[in-house]
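From first to last, the protein sequence lines are chains A, B, C and D. The numbering of the first sequence is the numbering used here, which starts it at 1 and goes up by one. The numbering of the second sequence is the numbering used here, which starts it at 1001 and goes up by one. The numbering of the third sequence is the numbering used here, which starts it at 2001 and goes up by one. The numbering of the fourth sequence is the numbering used here, which starts it at 3001 and goes up by one. For glycine and all other residues, C-beta sits at the position ideal for the given N, C-alpha and C.
Protein chains: 4
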Amino acid sequence: MTEKAQTKDISVPKTMKAWVLGDPEELRLVEKPVPEPGPAEVLLHVDAVAICGTDVEILTKGLPAWIQGGLPFNKNFTPGHEYMGTVVKLGAGVDEYALGDRVAVEVHAGCGRCERCRMGMYTSCLNYGLNYGEHNKGHRANGFTTDGGFAEYAVNHVNTLIHIPDEMSDEEATLIVTAGTATYGLDALGGLIAGESLVVTGPGPIGLMSVAVGKALGAQPVILTGTRDARLNMGIRLGADHVINVRKEDPVEAVKRITGSKGVHYVMECSGAPNALNEAMDMVNRGGRICLAAFPGEPVPVDLAKLVRNNIYVYGIRGEGKSASRRAAALMIQKRFDAKIIHTHTFSLEELPTAFKYARERIEGAIKVVLRVS
Amino acid sequence: MTEKAQTKDISVPKTMKAWVLGDPEELRLVEKPVPEPGPAEVLLHVDAVAICGTDVEILTKGLPAWIQGGLPFNKNFTPGHEYMGTVVKLGAGVDEYALGDRVAVEVHAGCGRCERCRMGMYTSCLNYGLNYGEHNKGHRANGFTTDGGFAEYAVNHVNTLIHIPDEMSDEEATLIVTAGTATYGLDALGGLIAGESLVVTGPGPIGLMSVAVGKALGAQPVILTGTRDARLNMGIRLGADHVINVRKEDPVEAVKRITGSKGVHYVMECSGAPNALNEAMDMVNRGGRICLAAFPGEPVPVDLAKLVRNNIYVYGIRGEGKSASRRAAALMIQKRFDAKIIHTHTFSLEELPTAFKYARERIEGAIKVVLRVS
Amino acid sequence: MTEKAQTKDISVPKTMKAWVLGDPEELRLVEKPVPEPGPAEVLLHVDAVAICGTDVEILTKGLPAWIQGGLPFNKNFTPGHEYMGTVVKLGAGVDEYALGDRVAVEVHAGCGRCERCRMGMYTSCLNYGLNYGEHNKGHRANGFTTDGGFAEYAVNHVNTLIHIPDEMSDEEATLIVTAGTATYGLDALGGLIAGESLVVTGPGPIGLMSVAVGKALGAQPVILTGTRDARLNMGIRLGADHVINVRKEDPVEAVKRITGSKGVHYVMECSGAPNALNEAMDMVNRGGRICLAAFPGEPVPVDLAKLVRNNIYVYGIRGEGKSASRRAAALMIQKRFDAKIIHTHTFSLEELPTAFKYARERIEGAIKVVLRVS
Amino acid sequence: MTEKAQTKDISVPKTMKAWVLGDPEELRLVEKPVPEPGPAEVLLHVDAVAICGTDVEILTKGLPAWIQGGLPFNKNFTPGHEYMGTVVKLGAGVDEYALGDRVAVEVHAGCGRCERCRMGMYTSCLNYGLNYGEHNKGHRANGFTTDGGFAEYAVNHVNTLIHIPDEMSDEEATLIVTAGTATYGLDALGGLIAGESLVVTGPGPIGLMSVAVGKALGAQPVILTGTRDARLNMGIRLGADHVINVRKEDPVEAVKRITGSKGVHYVMECSGAPNALNEAMDMVNRGGRICLAAFPGEPVPVDLAKLVRNNIYVYGIRGEGKSASRRAAALMIQKRFDAKIIHTHTFSLEELPTAFKYARERIEGAIKVVLRVS
């Protein structure tokens, strides 16, 4: 925060372009009022926003079933939660950020008054969705319960912001939240994982970032499993010591082979495959730990006996709490890994439908598709 | 340890009575040599030994499948792992205990050299079963991989022993390990649980002890679920604030009712029922934690999505590590709960087959059946 | 929260009686406007308020030097931070509490946006004192940076409130915060202290509550040191297994005697004596831990070599974070100890100067002096 | 461990060259019997051994005062504890290592039966020094209570060994224990320190390794203080973001300047300067943490009030527990920092007196002086 930055005047228009949801599969680009930041909030000009698998799901099915209650948005709601931008207006009491600051944005601003928020578990806020009318507890989840980043401007609570340096590109900054989810999972698994062994199952964006963050924190070896060699090769570039193509080799056998039958300390499950947890239980050693960052669409058979007999802990994680995104950003600022590897395509804000198409259909091997907002 | 105790001479015979396994369902009372304690070990005269569900399983099926490898016992092996006794001989280097000391016994003496043992997770010893011949890593699991307590004498590593005072009866002391398992689970769930809410599912011995230890540590409310009112009433005597007979009321609904729809912080799953984990996920609030101390015999459908969406952690626990039994003993010595409530029947060592029959068939409402050894 | 409670109408006057600070030693009873609760706040009718050593210090010296900056109160400021009362008005968005609810009050409402608040360490809020004007970060410390409880009414953030049941008297409820400080210290020391040994040095209110909470959580043995037998006897009534009058016996020698030369796991230092930390380092075993809840007025010689050579951890604690007061209240609601033992005198709000005199001069053995507010 | 390695025959002589202590300042090179490895032990050929400040102290004053009791060595005792070597003989039950394996060595093999060892705090073993005669609890501290590494051969417990790869030089491997101490301190401070700020005070070997490990784990910024620019420059090469020469600038002021008045999360105190702890308390923010890895020779005035008012935790660390050296080795194997920077001089075993002279008098800027043993 520099004095210079604080005093410079940034003009903000009255209205802005924003994409809004209609019926399933219906997205419209409209002109909306630019929102006002309240106390402890800032207004951002969105500079770039990435598309997440959840965005695709929201477009298809409406908001996820697990957003409880009849929340007052849906129609005319602006999704988009992996964005970054520039601070253009400060709400009351904000001096942690200055006009002109470039920031990445976490999804969740918890209510700050439930017991989970007070433990730093703000993605597990017990007042999720309550930021309207008489039930306003101050919770916000960008692009889920409050308007998000597929727009020119967005309001954000200061708790969700992370300073980024000039050297980091807008596109790279949109990836911080994904790396933050990986970091949150590795924190749950133990935090200090240097010198311990890690399997990551599933080379999607979170899986690939789990490889990168796990290696940055010193895990050894880091083993990545998946079905596509192109993705596995990205894993190698991000730090994987071994990759296993599960179409060619049984992953449990391969992990045993690589570890001299010992198994690993930790598994980050990022595939959502129906048998992934059972396989993970066979990959970890007795006393090992498994983080679930993905899940199958339906209940699946799990051999719970193995959890008990082998004293295994399983950590479901919801998003990225405990300032994990700030840690992830710090690693990226220190250039511990090149997150940009997973950024494959760029479009303009106006091209959102095309961008969605690329992301959904994995056209040209798309992983992270980013919109630049001018 | 008193000077008087140390110098008194305790005569030990050359041979002893001991029950040994033969074929499935075959138990024979034989005369065996009294074993010698090695360095860091003591010889105990077994004074009392309780029957555990696992003992029944061993009698029926041989040693559990999860005891890996072709271990050199089976025939002529003496089971029994919930016992206490009197120190009658000291191995080299032992001065933590004196002749005449009364002690309770934990099941597991880890190898002390694997990484789990060095974290205090000795029930998850990576050298489980390796205490023979050239692979001797020093691991011992009384009544599982080394001769146990259905005998007049037994050798034990000092790490497994817990001093008990004169005021505690032999029978009560046999229950320390069961309370230790409950304590280990509550440690995994958070340790400092005072003022937090706890559901215990399944009023077997571990479930009932979980109620008792949870309440002793200040959990509030403690809710017990089960199918039999007699057991639930025992739960109330051990400290449960609410009991739910699942034959009469849906347990998830009941938990919501009792907690004003908030759910609880923790569930200790001690029933092994096929749907217990799914129900537990509906009982805990977002960010809650579940300990599995029991499990169904086969893989069961689990809705993993709930673990991820609600940031739930699941802790499988194997036996009782991290000195949990010493903590449990300390609570019992301080009379924080009356564990003797779950002790229902007493027999002599010679009556083991009858005792087994009572335990298996729950004759006269049998819970903990204890043998006194003279 | 009952529907009945919520709908009942509680009339609140425009002005109230309140004590305010003037020059050192000057306290005046004035008529002040009753404050209005903002969002996430409630207005309480103060029913009872206890006097703390810090109140005496504030009266004598003005606000403690460690409240940084020229904060806008001092003159006309109302101190008092150990109070309880009845909810009489709800701010916007409050449904956690209802009109008519009886509540105890924690001192600190953190800003909710600094990293300490987000870890639950709200007493270490990095925005301490910033709840005015353009720097309003929402931090409040009742009776320190915002008007406190020596008055008929007081505004409080919902985060600081704790429900109390009808069975608990107003006077007892004022002691919750003191027990909360003890609980916060024991949480820092390890949380799960059942079966571990604890020395408490100094039988003031926090020391005595540390004995009570330590024993309630299962510590064994609990040893209390002090200079006055009357206070030590209170310690015994609150659960101490041993007391040491340091005028009659060297406390380090006594601890060695009681523990068979082993020393203890934990020391809660509540005396502020100049040599207390050095003695505590000799009381704990290698790897032991010490909590400082009190301190000498000036720098004192400390033998730091012992900390390093014996791997000792020292935890300074500021007030009562991590919901410690809620845990303490839960133990008191469960009647795990009788905090009322330390409540010795009662006065009316109007008698505050006399009450202060009793507290300062320990007239008639005064420990906790409570004002009832009608 | 390869089959080939295991079966190769390594001939071991009956006697060996070893340095032994006599009177203060007296070191003699003698011919001693090569020791035999017991169960769970191996015999190493020492390949390289570094000189530590404690070695110099032992030479000058005899064994440190804090090695309690009249232990049976002193005269004819071989010091040296920072060594590495090759496995040449296996004790009973050892298959974790094979003949020919190159290994680094931790100092402490705890007894494995006290409560500290069972928590992984084996450097705080409560049976320290008890590995002789009737009190043999199995504790060993190489070069402190059992013969160490200024010799051709040394016996070691398997718990103290760490595999090292061919690519790592002997000299670098001797530095693992120093990096392990730094890692143990950073584990005490929080473990997951990525993105958090760290001051290291004192650029001795442990301070420099704290910079390196802190940066490898992602701390940001890492600030090093010291008096000599040459050492500070080494700090920069090892990853320090800022260095402060305390002869030129007040270190507390400098830390405030660098952190925008916020202070840092953590201080690793590695200087032993009399005022270092007081300064560290002014460097950390409220709720910050300080690790003491060094200490002044005498009691020093400490302003304990700051610890309490600012909720600061202070962690004394003794050596390197909780497998910290294995983690440090893993980081070095992954080439996260170049520990060799602090290795300045090499001598032969026979030149130990000269090597000591270099280390004591810091001749030619000596930091780590290593002996190669042929």
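- Item | As assigned by DSSP and simplified to three states, the class of residue 2001 of chain C | The predicted position of residue 2001 of chain C is uncertain, since its pLDDT is 34 and thus under 50; a value taken from the coordinates is nonetheless stated next. Coil at residue 2001 of chain C, not helix or strand.
- Three-state secondary structure (DSSP) at residue 1232 of chain B? helix
- Message: Can you give me the C-alpha to C-alpha distance between residue 1146 of chain B and residue 2157 of chain C, rounded to a whole angstrom?
- Response: 60 Å
- Message: For the pair the region 1213-1224 of chain B and the region 1234-1246 of chain B, tell me if three or more CB-CB distances fall below 8 Å.
- Response: yes
- Message: Among the candidates A/270, A/327, A/310 and A/302, whose CA atom is the shortest distance from the CA of residue 1308 of chain B?
- Response: A/270
- Roughly how many angstroms lie between the CA atoms of residue 2101 of chain C and residue 1252 of chain B, to the nearest whole one? 28 Å
- Are the C-beta of residue 158 of chain A and some C-beta of chain C separated by less than 7 Å? yes
- Query: When the Cβ atoms of the region 132-142 of chain A are set against those of the region 1298-1305 of chain B, are three or more pairs found closer than 8 Å?
  - Reply: no
- Task: Could you check the C-alpha separation between residue 2943 of chain D and residue 3321 of chain D for me, to the nearest Å?
- Result: In the structure as shown, chain D begins at 3001 and stops at 3374. Residue 2943 of chain D is therefore absent and cannot be evaluated.
- Query: If you measure from the beta carbon of residue 2169 of chain C to each beta carbon in chain D, is any gap under 7 Å?
  - Reply: no
- Message: Is there a Cβ of chain B sitting closer than 7 Å to that of residue 3069 of chain D, yes or no?
- Response: Note that residue 3069 of chain D scores 49 on pLDDT, short of 50, meaning its location in the model is unreliable and no value can be drawn from it.
- Sequence-distant residues of its chain with Cβ nearer than 7 Å to residue 1293 of chain B (five each side left out): 1181, 1185, 1206, 1268, 1269, 1270 and 1317
- CB residue 3124 of chain D to CB residue 2286 of chain C, shorter than 7 Å? The answer is yes: Cβ separation under 7 Å.
- Taking 8 Å as the threshold, find out whether the region 3111-3123 of chain D comes into contact with the region 2351-2364 of chain C through three or more Cβ pairs. no
- Neighbouring residues, chain C, relative to residue 135 of chain A (Cβ below 8 Å): 2093 and 2095
- Message: Does residue 2068 of chain C pass the burial test, meaning 16 or more other C-beta atoms within 10 Å, or should it be called exposed?
- Response: Caution is warranted here: a pLDDT of 43 is assigned to residue 2068 of chain C, below 50, making its placement in the model unreliable, and no coordinate value can be reported.
- Query: Between which two residues does the beta strand (DSSP E) carrying residue 86 of chain A extend?
  - Reply: 82-90
- Message: Suppose you measure from the CA of residue 66 of chain A to the CA of residue 177 of chain A; what does that come to, to the nearest Å?
- Response: Bear in mind that a pLDDT of 44 at residue 66 of chain A, under 50, signals an unreliable position, so the number given afterwards is only what the model happens to contain. Cα to Cα, residue 66 of chain A sits roughly 20 Å from residue 177 of chain A.
- Item | Exposure of residue 2012 of chain C, with buried meaning 16 or more beta-carbon neighbours within 10 Å | exposed
- Shorter than 7 Å from the beta carbon of residue 129 of chain A to some beta carbon of chain B? no
- Message: Taking the straight line between their C-alpha atoms, what separation do you get for residue 1138 of chain B and residue 3128 of chain D?
- Response: 21 Å
- Query: Do residue 1172 of chain B and residue 1340 of chain B have their CB atoms nearer than 7 Å?
  - Reply: yes
- Task: Identify each residue in the region 2215-2242 of chain C for which the Cβ-Cβ distance to at least one residue of chain B is less than 7 Å, and report them in chain order.
- Result: Going along the region 2215-2242 of chain C in chain order, one finds 2216, 2217, 2218 and 2220 with a Cβ nearer than 7 Å to chain B.
- Query: Can you name the start and end residues of the beta strand (DSSP E) that residue 1047 of chain B belongs to?
  - Reply: 1041-1050
- Query: With 16 other CB atoms within 10 Å as the buried threshold, where does residue 2410 of chain C fall?
  - Reply: Because chain C in this structure spans residues 2001 to 2374, residue 2410 of chain C falls outside the shown range and cannot be described.
- Message: Taking 7 Å as the threshold (beta carbon to beta carbon), is residue 2084 of chain C in contact with chain A?
- Response: no
- Item | residue 2189 of chain C versus C/2344, C/2312 and C/2010, residue with shortest Cα-Cα distance | C/2312
- Residue-level contact to chain A via CB, residue 3073 of chain D, 7 Å cutoff: Unreliable placement is indicated for residue 3073 of chain D, whose pLDDT of 48 sits below 50; the coordinate value is still reported in the next sentence. Judged by the 7 Å Cβ criterion, residue 3073 of chain D is not in contact with chain A.
- Task: Find the residues of chain D that neighbour residue 330 of chain A, judging by a C-beta separation of less than 7 Å, and give them in chain order.
- Result: 3194, 3195, 3218 and 3220
- Message: Is it the case that the region 3049-3064 of chain D contacts the region 3012-3031 of chain D, given that we only count it when at least three CB pairs across the two stretches are under 8 Å?
- Response: yes
- Query: Are the CB atoms of residue 1080 of chain B and residue 1038 of chain B nearer to each other than 7 Å?
  - Reply: no
- Query: Can you tell me the Cα-Cα spacing of residue 1085 of chain B and residue 3337 of chain D, whole angstroms?
  - Reply: 55 Å
- Within this structure, are the beta carbons of residue 48 of chain A and residue 32 of chain A separated by less than 7 Å? no
- Item | Same chain, Cβ closer than 6 Å to residue 3073 of chain D, neighbours up to 5 away in sequence not counted | Interpretation of residue 3073 of chain D is limited by its pLDDT of 48, a score under 50 that renders its predicted location unreliable; no figure is taken from the coordinates.
- Message: Would you say residue 3166 of chain D lies against chain C (beta-carbon separation less than 7 Å)?
- Response: no
- Between residue 2302 of chain C and residue 3302 of chain D, which are expected to be in contact by the criterion C-beta below 8 Å, what is the C-beta distance as a whole number of angstroms? 4 Å
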